[in-house]
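Written out below as structure tokens is the structure these notes cover.
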Amino acid sequence: MKLTKDQVKKVARLANLPLTSDEEDLPEGEAGKYSEQLSRVLEYIDQLNQVDTTGVEPTFNVSGESNIMREDTTVASLSQEEALSNAPQKKEGMFVTKGVFEE
Amino acid sequence: MTGKRTMNNYEPVIGLEVHVELNTKSKMFCRCSADYFGKEPNTHTCPVCLGLPGALPYINQSAIEDCIKIGLALNCSVSPISRFERKNYFYPDLSKGYQISQYRWPLCINGQLTLDNGQVIRINRVHQEEDTGKLFHQEGQTLIDFNRSGVPLVEIVTEPDFRDVEAVRDYAKKLQQLFRYLGVSNADMERGDMRLEANVSVRKVKSQKSKVKNTSQNLKVEEELPPYRVELKNINSFRFMVAAIEYEIKRQIEALEKGEKLSQETRGWNGDKKCTYVQRSKEEAHDYRYFPEPDLPELRIEESRVKSLESSMPELPWSKNKRFEEEFKLSTAQAKILTETEELADYFEGLVELGGKEGIDAVKIANYVINQKIGAGTSVEEVLGKIKAKGEGVIGDERELEKLAQEAISENEKAVADYKSGKEAALQVLIGGVMRLSKGKADTSKLKPILEKLLKVVT
Amino acid sequence: MQNSKLQVKNQNLTGLTLIETLRGLKEKIFSEEELNKAYLNKIAKLNPKLNAFLKIEKNSRGIPAAIKDCILTKGIKTTAGSKILSNFVPPYNATVIEKLLEQKVNVIGKTNCDEFTMGSSGENSAYGPTKNPWDLNKVPGGSSSGSAAAVAADLCTFALGTDTGGSIRQPASLCGVVGLRPSYGRVSRYGTIAMASSFDQIGPLTKSVEDAALVLEWISGGDNYDSNCRKEKFTMQPGKLRGGIKGLKVGVPKEFFSQGLEGGVEKIIRDAIKKLEEMGAEIIEVSLPSCEYAMAAYYILVPSEISSNYARYDGIRFGNTRENFGDEVKRRIMLGTFALSTGYYDDYFAKAARVRTLIRQDFQKAFGPSTGSGCDVIVGPVSPTTAWNLGEKVIDPLAMYMADIYTVPGNLAGIPGLSVPCGFSKGLPVGLQILGKQWDEETILQVGYAYEQATSRRKEKPKLSF
Chain U
13 MKLTKDQVKK VARLANLPLT SDEEDLPEGE AGKYSEQLSR VLEYIDQLNQ
63 VDTTGVEPTF NVSGESNIMR EDTTVASLSQ EEALSNAPQK KEGMFVTKGV
113 FEE
Chain C
-13 MTGKRTMNNY EPVIGLEVHV ELNTKSKMFC RCSADYFGKE PNTHTCPVCL
37 GLPGALPYIN QSAIEDCIKI GLALNCSVSP ISRFERKNYF YPDLSKGYQI
87 SQYRWPLCIN GQLTLDNGQV IRINRVHQEE DTGKLFHQEG QTLIDFNRSG
137 VPLVEIVTEP DFRDVEAVRD YAKKLQQLFR YLGVSNADME RGDMRLEANV
187 SVRKVKSQKS KVKNTSQNLK VEEELPPYRV ELKNINSFRF MVAAIEYEIK
237 RQIEALEKGE KLSQETRGWN GDKKCTYVQR SKEEAHDYRY FPEPDLPELR
287 IEESRVKSLE SSMPELPWSK NKRFEEEFKL STAQAKILTE TEELADYFEG
337 LVELGGKEGI DAVKIANYVI NQKIGAGTSV EEVLGKIKAK GEGVIGDERE
387 LEKLAQEAIS ENEKAVADYK SGKEAALQVL IGGVMRLSKG KADTSKLKPI
437 LEKLLKVVT
Chain P
9 MQNSKLQVKN QNLTGLTLIE TLRGLKEKIF SEEELNKAYL NKIAKLNPKL
59 NAFLKIEKNS RGIPAAIKDC ILTKGIKTTA GSKILSNFVP PYNATVIEKL
109 LEQKVNVIGK TNCDEFTMGS SGENSAYGPT KNPWDLNKVP GGSSSGSAAA
159 VAADLCTFAL GTDTGGSIRQ PASLCGVVGL RPSYGRVSRY GTIAMASSFD
209 QIGPLTKSVE DAALVLEWIS GGDNYDSNCR KEKFTMQPGK LRGGIKGLKV
259 GVPKEFFSQG LEGGVEKIIR DAIKKLEEMG AEIIEVSLPS CEYAMAAYYI
309 LVPSEISSNY ARYDGIRFGN TRENFGDEVK RRIMLGTFAL STGYYDDYFA
359 KAARVRTLIR QDFQKAFGPS TGSGCDVIVG PVSPTTAWNL GEKVIDPLAM
409 YMADIYTVPG NLAGIPGLSV PCGFSKGLPV GLQILGKQWD EETILQVGYA
459 YEQATSRRKE KPKLSF
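Chains as they are written, first to last, in my numbering: chain U, 13 to 115; chain C, -13 to 445; chain P, 9 to 474.
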């Protein structure tokens, strides 16, 4: 199938991906480029429809493992300093982001 | 138009989602301490719960066992194969950009819980997931503490079976009691150990006319759910939950009466203004893109494990309640109070056991404990002593006292003669006789007139 | 003994394999300091041209290994070839790093790769492409581009790479070195930046097959952090490596000789298979019919996992904001977001997961001793082409994807694969792919070793006269 420019924009929103030159009056903006590229990939992928998968169980994991669990014991956490060491912005021992609406 | 008349034409349709934070030592998918409450921010984190690149989850077995216990207590069946999935959405408190949760393959499904009013609430699922971090809003900025990130949460989802607010309250209280009995959570609402979300909608009750025409088609119409659902979120007390649901029912009925069309939305409760408000509308609804968590192999819970977990569970509050009624001849109300906490119930059973040896009746102990609001810490001997002293152990039944008095009279011919001859003090001898016969339990205040009455007859 | 000492002494230190280096150190023919100095000198000379390393660690101790920059190194900047992580200094080591440190291996540098390991040419790195040591105008393959180039140019004793769809084997093939992708679950992924969690594996790129076996022994085994990782370590049974291949059944899938396979490459691969036959292996033609759909399934499942794995890059706890993702990362995030979104999950994600089952079954049948062909290994080309010109496929994502057409099927099945140098086409290296049963790295190493010893390929080195 094809992915239209609008679909690309919708998907980008869902994926929290800012697209550059996304202005409506720029037909060759990122949405246009991705619409074309992703459509080609999706058209290729559409050949999956030729495969009969009736009664075939899906494979989600190839490790062959199951019931991998651990005992309920603790180990030392990172220090506050280590936890925050890569944060671009920090305040009062916490990470900082632009204000979000209190839910 | 009064609210009552309006209600007569509508009925609420309510489903409940309860989240409970488990009190495991470590978090759900990492080995950080889960005891985060009141701790310095970001001191209980590691690459896993911070969502750093390269970090991977690893399942805490105790959490899974707790989840299964909750499921079993709610009569669920435990899925032979269950899987974790990723629930994808963006929010600053969600470190990985997805929550590891369960969706298509939950641990426990198809349970039920019977309420005090006899109604059976169907439980759709009991599943395992993880908590998010905490946000603090400050001068246009948002600060984030990830100490809570990854703490195990169990979610219990009902079918939309509630038709009144009282039933919702009863259900929520019962769950809280269950969590405490099972010892899986403190279930403290204020601390956020237990969180409630209600899905509320209303529908017209079918008219009297159609009730008569009770065709199968009509039945189907009645079972149809309203075409919308309002999700009430972030309710942190039973009182607020009741208030929010009541407000919402009224609001929705009024809107429908005005001919408005209600739609899917998420609303919060404003405790100050005592009203609900829109948090997210349908247009902004999430597309969570659930898919199986590739970092975690599936769980295959064997029957034998389920059996052993089941046998490790304590007597559940509702079973205890029923047993107290039957075994101790308590009223439903009495049994409910005494089984409110497992601690009180155990304490009461201790009292009954010891009191029984001293001939003190369970009902009397129950009355005393309830009336005097005796706490489970109080010394058992002291309480039993007080019950006796207060006369709670006394024989007060007049027929029984008469029998004892008659016996004492026939044993003490001399005292009877003395009394007849005018010696009032001889009555004390007879009273002493009754006390001896009753092992000191006869109610002396009632004994004197009984003896006087009997002595008049004796000639 | 005297003989071996002389042999080592007469060689350039950087030309030694890992096994030879260990022997040299043990016999005190040279010191760790001399060894590290030799490598650092060579890096200083060649890296400006090759751009194989993004960061060089000046150590004088340990056995110098090059580590792909998607593997976290505590206190050493780890960018994964992305602008997003331009300043990221991990507070912890990946499990594989911890395991290497136990073996006295030191990180000599972090190697360049396609951004977040997404690519087959190295050109998706935000820090400029790595060049192929055999021809600086050619790509080295990807995404473990720097690791492959560093081994080929003798800038390290060995390197670690990661392989999600072919990212160890394909650059190993294009750079003429040995590359081993272990079975899924053989090596812990903890601390290695995930591309697609149900596919990713870490593995060695080495100067010899024996080196690859040793490094796999070092890095394999559980750590209680990767739930999908097998607890047991990989160990090569004594004598197995040198056991020869007489009587082994070598499967040749006709699907691996499809259109798109370069004539020059096909000839070299056919010659290599003939060589295996001469050495006593039994060659059988097998069929993997569902592998025709491997790329389509792969490009649903991998982007889906990517769309979720890359949600954590929000610029709050680490790294820069999301507009810093490069084009290929954005494409895959969007493709995966779409494949998982409401209304498309069943037709895309679930469908691809079912096709994955069919592909696994194809391999099970080929390897099955009773029900199938009973192959011990399956061989074919690693890549349909030799190294191509820089810039040639950048504008055509789909063409770039097809570079992994022969490596992807095995990864859908979770089986191990080895790339062994097997000749040159127009002066550029070609790799022979040897696929094995899940958990049976031993046999593919055995076949690879036998082939390597029977040919002179391993002795050929790129002429780097700049």
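Glycine is no exception: its CB is placed at the ideal position from the N, C-alpha and C atoms.
- Excluding sequence positions up to five before and after Gly334 (chain P), its CB lies within less than 8 Å of the CB of Ser90, Lys91, Glu123, Asn132 and Ala134, all in the same chain and listed in chain order.
- At a cut-off of 8 Å between beta carbons, Ser12 (chain C) contacts chain U.
- Taking every protein chain shown into account, the CB of Pro424 (chain P) has 16 or more other CB atoms within 10 angstroms, so this residue is buried.
- At a cut-off of 8 Å between beta-carbon atoms, Glu48 (chain U) makes no contact with chain P.
- Counting the other Cβ atoms within 10 Å of the Cβ of Glu289 (chain C) gives fewer than 16, which makes it exposed.
- Put simply, the region 348 to 366 of chain P does not touch the region 87 to 98 of chain C. Fewer than three CB pairs are less than 8 Å apart.
- The secondary-structure analysis by DSSP pairs Asp131 (chain C) across a beta bridge with C:Lys120.
- For Leu96 (chain U), the chain C residues whose C-beta falls within less than 9 Å of its own C-beta are Asn28, listed in chain order.
- C-alpha of Gly259 (chain P) to C-alpha of Gly418 (chain P): approximately 14 Å in a straight line.
- Arg189 (chain P) sits buried, since 16 or more C-beta atoms from the chains shown fall within 10 Å of its C-beta.
- At least one beta carbon of chain C lies nearer than 8 Å to the beta carbon of Ser235 (chain P).
- Leu302 (chain C) places its beta carbon 8 Å or farther from that of Ala153 (chain C).
- When the five nearest sequence neighbours on each side are left out, the beta carbons in the same chain lying within less than 7 Å of the beta carbon of Val415 (chain C) are those of Asn398 and Ala401, in order along the chain.
- Collapsing the DSSP output to three states places Asn44 (chain P) in a helix.
- At the C-beta level, Val188 (chain C) and Leu139 (chain C) stay beyond 8 Å of one another.
- When C-beta distances to chain P are compared with 9 Å, the residues of the region 55 to 72 of chain C below that value are Arg72, in chain order.
- For the region 267 to 292 of chain P, the beta-carbon criterion of a distance under 9 Å to any beta-carbon of chain C is satisfied by none of its residues.
- Annotation: Gly173 (chain P) to Ala160 (chain P) spans about 21 Å, alpha carbon to alpha carbon.
- Counting only runs of 4 or more residues that sit fully inside the region 284 to 324 of chain C, the alpha helix (DSSP H) segments are 289 to 297, 303 to 314 and 318 to 324, in chain order.
- Between the alpha carbons of Arg108 (chain C) and Glu232 (chain C) lies a distance of about 22 Å.
- Cys383 (chain P) sits close to Val294 (chain P), with the two beta carbons spaced by under 8 Å.
- Under the three-state reduction of DSSP output, Trp226 (chain P) falls in the helix class.
- In this structure, Ser427 (chain P) lies away from Gln446 (chain P), with their beta-carbon atoms at least 8 Å apart.
- Residue burial annotation: His113 (chain C) is buried, with at least 16 other C-beta atoms found within 10 angstroms of its C-beta.
- Spanning the alpha carbons of Arg309 (chain C) and Glu326 (chain C) requires a straight line of approximately 14 Å.
- Closer than 8 Å to the CB of Thr86 (chain U) there is not a single CB belonging to chain P.
- Around Tyr414 (chain P), the same chain offers Gly174, Phe264, Gly388, Pro389, Val390, Ser391, Pro392 and Gln441 as residues with beta carbons nearer than 8 Å, after the five sequence neighbours per side are excluded.
- Asp347 (chain C) is not a Cβ neighbour of Ile381 (chain C), given a cutoff of 8 Å.
- Taken in chain order, the members of the region 255 to 277 of chain C whose beta-carbon sits within less than 9 Å of a beta-carbon on chain P are Asp273, Tyr274, Arg275, Tyr276 and Phe277.
- Fewer than three pairs of CB atoms, one per stretch, sit closer than 8 Å, so the region 341 to 358 of chain P makes no contact with the region 237 to 249 of chain P.
- For Gln92 (chain U), none of the residues of chain P pass the 8 Å Cβ criterion, the least Cβ distance being about 12 Å.
- In this structure Arg320 (chain P) is in contact with Ser81 (chain C), their Cβ atoms being roughly 7 Å apart against a cut-off of 8 Å.
- Residue pairing by DSSP leaves Val390 (chain P) without any beta bridge partner.
- Here the alpha carbon of Val87 (chain U) sits roughly 36 Å from the alpha carbon of Glu450 (chain P).
- Ser175 (chain P) has no beta-bridge partner at all, per DSSP.
- In terms of beta-carbon proximity, Val112 (chain U) lines the interface with chain C, with at least one pair separated by less than 8 Å.
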